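So for the sequence shown, our numbering puts the first residue at 487; every next one is plus one.
Here a beta-carbon is modelled for each residue, glycine too, at the ideal position from N, C-alpha and C.
Keep in mind the model is a prediction, meaning the values are calculated, not measured.
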Amino acid sequence: MKLVYKTLHKKQAFLHAMLILLLFLSLLSLQITFTVFTKGQNMAERIHKMDVATTNIFYKEYDDEIKGFLQEYKEDGNLDFTYEESLVWPYGVFSTSWMQETSPIYLEGFVKSDAHYPLLEGKPLKDLKGHEIGVMESYARSLRKQGIEPLGHEIEITGSFQEKEKFTITSVFDYPNYDDGYANQKNSKAIQDYQITRRAVGIVNEKTIEQINGHYVKTYGLEKAAGLYERILKLKIKDYSAQKEYALRSDAYNDDRTSSALIDFRLLADEIDGNHVQDGIFQFVSLSVTSCLVVSCLFVLFAFMKRKLIEDREKLHILIANGIMKKNIQKAIWNGIWAAVCCSAWSADCF
Numbered sequence: 487m488k489l490v491y492k493t494l495h496k497k498q499a500f501l502h503a504m505l506i507l508l509l510f511l512s513l514l515s516l517q518i519t520f521t522v523f524t525k526g527q528n529m530a531e532r533i534h535k536m537d538v539a540t541t542n543i544f545y546k547e548y549d550d551e552i553k554g555f556l557q558e559y560k561e562d563g564n565l566d567f568t569y570e571e572s573l574v575w576p577y578g579v580f581s582t583s584w585m586q587e588t589s590p591i592y593l594e595g596f597v598k599s600d601a602h603y604p605l606l607e608g609k610p611l612k613d614l615k616g617h618e619i620g621v622m623e624s625y626a627r628s629l630r631k632q633g634i635e636p637l638g639h640e641i642e643i644t645g646s647f648q649e650k651e652k653f654t655i656t657s658v659f660d661y662p663n664y665d666d667g668y669a670n671q672k673n674s675k676a677i678q679d680y681q682i683t684r685r686a687v688g689i690v691n692e693k694t695i696e697q698i699n700g701h702y703v704k705t706y707g708l709e710k711a712a713g714l715y716e717r718i719l720k721l722k723i724k725d726y727s728a729q730k731e732y733a734l735r736s737d738a739y740n741d742d743r744t745s746s747a748l749i750d751f752r753l754l755a756d757e758i759d760g761n762h763v764q765d766g767i768f769q770f771v772s773l774s775v776t777s778c779l780v781v782s783c784l785f786v787l788f789a790f791m792k793r794k795l796i797e798d799r800e801k802l803h804i805l806i807a808n809g810i811m812k813k814n815i816q817k818a819i820w821n822g823i824w825a826a827v828c829c830s831a832w833s834a835d836c837f
């Protein structure tokens with residue numbers, strides 16, 4: 487059998503390498519295409535497995551009709567969910583690029599489920615104290631592009647009264663709800679000064695926000711400062727679907743109690759759909775490249791087999807004349823092809 491392999495595959499290294507390369511590129515392209523087409527579904531599944539919030543609702547502390555609406559909405563059987571509540575600072579419903587320059591990040595008070603987000607660097611989110619904050623990965627990545635190492639970096643955030651607070655980044659975590667949207671926005675050069683944009687998100691100890699709000703009360707009085715308090719409800723929707731999430735927001739805005747309230751929804755469905763155009767273009771390009779590679783690979787494989795049979799015709803006659811069975815010859819040819827396929831698959835998996 488070794489004689490058959492040596493006879494058929496000797497001095498064929500270059501052709502085999504070309505075939506392996508094409509197969510590798512085809513398999514890699516197929517893998518990328520599958521990932522792109524299932525991206526939204528994978529994000530929802532990831533968040534469900536993490537057991538973290540799918541929907542964030544922001545509202546003014548003095549204007550909490552949304553909580554009564556949610557309780558009634560759940561009791562009526564419209565939606566099954568649980569939620570956690572915390573403070574947020576400083577948050578604006580209409581966040582423009584100009585606001586992003588003065589306050590590039592807003593902070594959510596830590597809740598128990600936040601500990602489920604994968605910690606990438608630094609100390610656990612539940613151990614944050616004082617003016618220590620954790621930031622999402624895409625924000626940390628944007629700092630590194632500026633030559634700034636996130637851990638230990640001090641950032642300054644402008645509050646509602648134009649007062650500045652300094653915080654130190656001590657953690658970097660994966661926040662799948664917002665990471666993609668923020669990263670894609672940062673990659674866009676079309677953002678104008680007054681275009682509504684997405685700000686980065688950080689996590690801080692809730693007591694720190696309470697202290698900041700308390701300082702505002704002492705400085706400006708309760709009546710003026712209380713109107714700027716922002717709270718967040720982090721909903722975990724059971725049996726999540728985008729349709730349920732959109733229906734919740736629509737019903738809240740149409741309800742008499744909450745229609746005039748200053749509430750803002752950040753939906754997981756919006757984050758997925760927000761990247762729809764960019765992902766759609768990438769899907770088209772990826773599918774086109776994959777199709778071309780697969781067709782090219784099949785064509786090259788056909789040409790390779792045809793040329794090999796023509797070139798090895800004399801060798802095959804000699805092998806048959808020497809008593810080598812056709813079955814063994816066919817097995818040697820196909821084993822060579824399978825070796826190329828397996829090598830390509832292994833390379834694509836390692837990549």
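Own chain, CB closer than 7 Å to residue i, minus 5 neighbours either side, in chain order
i: Ile533; result: Thr540, Pro662, Asn663 and Leu754
i: Gly554; result: Arg743
i: Met529; result: Pro662 and Ile758
i: Arg752; result: Asn542
i: Leu784; result: none
Residue i to residue j span [Cα, whole Å]
i: Ser782; j: Ser774; result: 12 Å
i: Gly526; j: Ile758; result: Confidence is the limiting factor: at Gly526 the pLDDT is only 49, short of 50, which leaves the residue's position unreliable, though a coordinate-based value still follows. Their backbone Cα atoms lie some 6 Å apart in a straight line.
i: Val788; j: Ser777; result: The sequence given here places Phe at residue 788; Val does not occur at that position. Roughly 17 Å between the two C-alpha positions.
i: Tyr702; j: Lys609; result: 29 Å
i: Tyr726; j: Val597; result: 21 Å
i: Asp737; j: Leu508; result: 53 Å
i: Val687; j: Leu556; result: 25 Å
i: Lys535; j: Glu635; result: 30 Å
i: Val621; j: Asp613; result: 14 Å
i: Lys704; j: Glu561; result: 40 Å
i: Asp750; j: Gly700; result: 24 Å
Coarse secondary structure for residue i, derived from DSSP in three states
i: Leu565; result: coil
i: Val703; result: helix
i: Tyr577; result: coil
i: Thr776; result: helix
i: Ile533; result: helix
i: Glu642; result: strand
i: Ser736; result: helix
i: Leu784; result: helix
i: Glu692; result: helix
i: Phe469; result: Nothing about residue 469 can be reported from this structure: the residues present for the chain run from 487 to 837 only.
i: Phe596; result: coil
i: Tyr559; result: helix
i: Ile591; result: strand
i: Gly554; result: helix
i: Ser727; result: coil
i: Lys612; result: helix
i: Tyr545; result: strand
i: Lys652; result: strand
i: Ala539; result: coil
i: Ile758; result: helix
i: Arg743; result: coil
i: Asp840; result: With the chain covering only 487 through 837, there is no way to say anything about residue 840.
i: Glu635; result: coil
i: Arg685; result: coil
i: Leu719; result: strand
For residue i, the nearest candidate out of the options (CA to CA)
i: Ile619; options: Lys724, Asp537, Ile643 and Glu570; result: Ile643
i: Arg717; options: Tyr577, Gly707 and Thr694; result: Tyr577
i: Ser589; options: Tyr739, Gln648 and Asp750; result: Gln648
i: Lys615; options: Glu692, Ala601, Leu734 and Tyr625; result: Glu692
i: Phe510; options: Val780, Ile552, Phe785 and Phe788; result: Val780
i: Asp566; options: Asp750, Asp742, Arg743 and Leu734; result: Leu734
i: Leu721; options: Glu531, Leu507 and Asp537; result: Asp537
i: Tyr732; options: Asp756, Asp741 and Lys724; result: Asp756
i: Asn564; options: Arg752, Gln729 and Leu784; result: Gln729
i: Arg685; options: Ile552, Glu594 and Leu784; result: Glu594
i: Glu531; options: Asp562, Lys724 and Lys704; result: Lys724
Chain-order list of residues whose beta-carbon lies under 6 Å from that of residue i (same chain, five-residue window excluded)
i: Leu719; result: Ile543, Tyr569 and Glu571
i: Asp600; result: Leu611 and Ile689
i: Leu605; result: Phe659
i: Ile641; result: Phe653
Residues near residue i by beta carbon distance below 8 Å, same chain, minus five either side
i: His617; result: Glu651, Lys652, Phe653, Thr654, Val690 and Thr694
i: Ile841; result: Outside the displayed span of the chain (487 to 837) sits residue 841, for which this structure offers no information.
i: Leu748; result: Tyr545, Lys546, Asp549 and Val579
i: Gln632; result: none
i: Asp741; result: Phe555
i: His639; result: Leu629, Thr654 and Ile655
Beta-carbon separation (whole angstroms), residue i vs residue j, contact threshold 8 Å
i: Tyr706; j: Phe659; result: Their Cβ separation, rounded to whole angstroms, is 33 Å, which puts Tyr706 and Phe659 out of contact at 8 Å.
i: Glu607; j: Asp665; result: About 14 Å separates the two Cβ atoms, so there is no contact after all.
i: Tyr559; j: Ile591; result: Not quite, the Cβ-Cβ distance comes to about 31 Å (not below 8 Å), so this is no contact.
i: Thr656; j: Leu629; result: In fact, because the Cβ distance is near 14 Å, the residues do not count as touching under 8 Å.
i: Glu696; j: Leu573; result: 7 Å
Interface flag, residue i vs chain D, CB-CB below 8 Å
i: Pro604; result: This model lacks chain D altogether; it includes just one protein chain.
Closer than 7 Å: residue i CB and nearest the ligand ADP heavy atom
i: Ala530; result: By its list of ligands, the structure shown contains no ligand whatsoever, and the ligand ADP lies outside what it can speak to.
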